[in-house]
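Note that the UniProt record's numbering numbers the sequence shown so that position 4 is 4, with each residue one more than the last.
Below is one structure, written out as structure tokens, with a few remarks after it.
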Amino acid sequence: MIRRWDYTPEMWHDQLTQHGFTDVETTVIPGPEGAAKPTDTMLVHGRRPASFR
């Protein structure tokens, strides 16, 4: 079964920082206008320090 991780940008930010990632950024790209069911896309980016193990 595939589960959907429907977290807010803030929740993703907190999850990544709690697990040692830095420079965490979240960006929400709105779904296309006029679509029957527009779905936004969220991009999440973080860096893992070289000393992270």
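C-beta: ideal position from N, C-alpha, C; glycine also.
Give me whichever residues DSSP pairs with residue i in a beta bridge.
i: Arg-47; result: Thr-22
To the nearest whole angstrom, what separates the beta carbons of residue i and residue j, a pair I think is in contact under 8 Å?
i: Phe-21; j: Arg-48; result: 6 Å
i: residue 55; j: Leu-16; result: Since the first residue shown for the chain is 1 and the last is 53, residue 55 is missing from the structure and cannot be characterised.
Exercise. Along the chain, which unbroken stretches of the beta strand (DSSP E) at least 3 residues long are found entirely within the segment 10 to 41?
Worked result: With a minimum length of 3 residues, the continuous beta strand (DSSP E) runs that stay inside the segment 10 to 41 are 22 to 29.
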